[in-house]
């Protein structure tokens, strides 16, 4: 068959790290192998002579000849092809041979099967791969509301049906989104897709916890808002602040587990004070602790085999911990923390000057997707990885930003150096 793929510009794909580049090369290699294997097996079944089965394009590096076929690895790693006797897309006028194993001498139905076998094999492979992946387990962010952006569509959502009268208007923290416009929601990513594809008004069904520990089904109507710098309408909600991992030296080691949800945080001994909720205020509370003990209020939920919370009441518990001092690094930009961090200004003299522009949205930093709830931790981790002790600036860190060009949004891959704050070390929970 003709080449499936010869070369792709990796910068277009947005893989900023070598690991990402290697992953895409390996992934495409597997897909191309499966595709060409379909053509190969169909050609063998039809009695067509296969002269070359190549993974990669260009000059032959090495391989082995078995029977009539040269099984080879070629120099360019992206691409591959099966070359059959009598089938050459680059020269369709080549002289027909009389050999019975010539592709052109086969009945039309056999030629058709050979031609479509590659796509058919990819389809079967995708089905099998999905079954295996989801049988092993794939992690998704739960569609649970962790924080509501003030003034957003979510905060203004109108309750149209609720067992409790009157019900609190707007989406609430801990609401579990069940469906949007009758489309089932299983993961946080489903929310973004459903909202982007919906009309001006959407119908949102949620399971809302009650004071008794049970849940009730509440139906709301909302009008997603699309701002000028955003590619699609948004509700204005943030996911639950969930513990994804703990650093090796974290003071929380042995006290909490992966998957625990942080409800709020407050200084120890602050009875009667309003605790901090939501990703942004939580991070601020840790910084303001100045090394004094803080109280974390968490909940631990049990889920069924499909990943949905069981109806039983989650277990809540408190943990006291003393934040530890670590160097603090910054990108050098002011941010508006919506669902995706957006740059509202670049600090004069910051290394980001000339690299990042006002109204850019940060897509990823150091290969990790950037959300409002995760960016501060990603910046800290990138600083730890790319900065040497005592140095003010880190080595260049890969960053991907989304920038508007006229009516189009483009993703740009570049690098930025992180600057250590001069105000001293920050306080972290790890």
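Numbering (my numbering), first residue to last: 952 to 1381.
Backbone N, C-alpha and C fix where the C-beta goes; we use that ideal spot for every residue, glycine too.
The structure presented is a predicted model; accordingly, all values stated were derived computationally and were not measured.
| Check | Outcome |
| --- | --- |
| Flag this pair as yes or no: are the beta carbons of residue 1068 and residue 1118 separated by less than 8 Å? | no |
| Quick check on residue 968: does DSSP put it in helix, strand or coil? | The predicted model places residue 968 with a pLDDT of 46, which falls under 50 and marks its position as unreliable, so this point remains unresolved. |
| For the stretch 1149-1160 against the stretch 1191-1207, are there 3 or more C-beta pairs whose distance is under 8 Å? | no |
| Tell me the residue span of the alpha helix (DSSP H) that contains residue 1253. | Where residue 1253 is concerned, there is no enclosing alpha helix (DSSP H), given that its DSSP letter is neither H nor E. |
| Taking DSSP as the reference, what is the three-state secondary structure of residue 1335? | helix |
| Closer than 7 Å by C-beta to residue 1174: which residues in its own chain qualify, once you throw out the five before and the five after it? Chain order, please. | 1104, 1151, 1152 |
| Starting from residue 1143, trace the alpha helix (DSSP H) both ways and give me its first and last residue. | 1139-1148 |
| Determine the direct distance from the alpha carbon of residue 1037 to that of residue 1052, and round the result to whole angstroms. | 9 Å |
| Counting Cβ pairs closer than 8 Å, one from the stretch 1304-1315 and one from the stretch 1339-1354, do we hit at least three? | yes |
| Using a Cβ distance threshold of 8 Å, determine whether the stretch 1137-1145 contacts the stretch 1081-1094, with at least three qualifying pairs required. | yes |
| With a threshold of 6 Å on Cβ separation, who are the neighbours of residue 1361 within its own chain once the five nearest residues in sequence on each side are excluded? | 1354 |
| Under the three-state reduction of DSSP, which class applies to residue 1366: helix, strand or coil? | strand |
| Closer than 8 Å by C-beta to residue 1219: which residues in its own chain qualify, once you throw out the five before and the five after it? Chain order, please. | 1243, 1244, 1245, 1246, 1271 |
| What is the residue span of the beta strand (DSSP E) that residue 1059 lies within? | Premise fails: residue 1059 lies in the alpha helix (DSSP H), 1059-1087, not in any beta strand (DSSP E). |
| Which value, in whole angstroms, describes the spacing of the CA atoms of residue 990 and residue 1027? | 21 Å |
| Taking its Cβ as the centre, do 16 or more other Cβ atoms sit within 10 Å of residue 1018, making it buried, or is it exposed? | exposed |
| Keeping to the same chain, check which residues put their C-beta closer than 7 Å to that of residue 1159; ignore five residues upstream and five downstream. | 1123, 1126, 1166, 1167, 1169 |
| Which of the three DSSP states, helix, strand or coil, is assigned to residue 1322? | coil |
| In chain order, what residues of the same chain lie with their CB nearer than 6 Å to the CB of residue 1055, ignoring the 5 residues before and after it? | 1037, 1047 |
| Do you know how far the Cα of residue 1031 is from the Cα of residue 1335? | 41 Å |
| Can you find the residues in the same chain that come closer than 8 Å, C-beta to C-beta, to residue 1297, ignoring five residues on each side of it along the sequence? | 1283, 1284, 1285, 1303, 1304, 1307, 1308, 1309 |
| Where DSSP assigns a beta bridge to residue 1192, which residues make up the other side? | Bridge partners of residue 1192: none, in fact. |
| Along the chain, where does the beta strand (DSSP E) that runs through residue 1296 open and close? | 1292-1297 |
| Buried or exposed: where does residue 1312 fall if 16 or more other Cβ atoms within 10 Å of its Cβ makes it buried? | buried |
| Drop a sphere of 10 angstroms on the beta-carbon of residue 1368, count the other beta-carbons inside from all chains shown, and report buried for 16 or more, exposed for fewer. | buried |
| Determine the contact status of residue 1009 and residue 1023, defining contact as a CB-CB distance below 8 Å. | no |
| Comparing C-alpha positions only, which one of 978, 1320, 1061 sits nearest to residue 1389? | No statement about residue 1389 is possible, as the shown extent of the chain runs from 952 to 1381 and does not include it. |
| How big is the Cα-Cα spacing for residue 1320 and residue 1186? | 20 Å |
| Are residue 1109 and residue 1172 closer than 8 Å when you measure CB to CB? | yes |
| Return the residue from the list 996, 1201, 988 that minimises the CA-CA distance to residue 1003. | 988 |
| Report the three-state DSSP secondary structure of residue 1186 (helix, strand or coil). | coil |
| Assuming residue 1315 and residue 1274 make a contact with CB atoms under 8 Å, what is their CB distance in whole Å? | 27 Å between Cβ atoms; not a contact. |
| Is residue 1129 a contact residue of the ligand GDP, with contact defined as CB to any heavy atom under 7 Å? | Looking at this structure, you won't find the ligand GDP or any other ligand, since it has none at all. |
| Just to confirm the assignment, what range does the beta strand (DSSP E) spanning residue 1004 have? | 1001-1017 |
| Is the CB-CB distance between residue 1184 and residue 1147 below 8 Å? | yes |
| Exposed or buried, residue 1359, counting other C-beta atoms within 10 Å across all chains shown (16 or more means buried)? | exposed |
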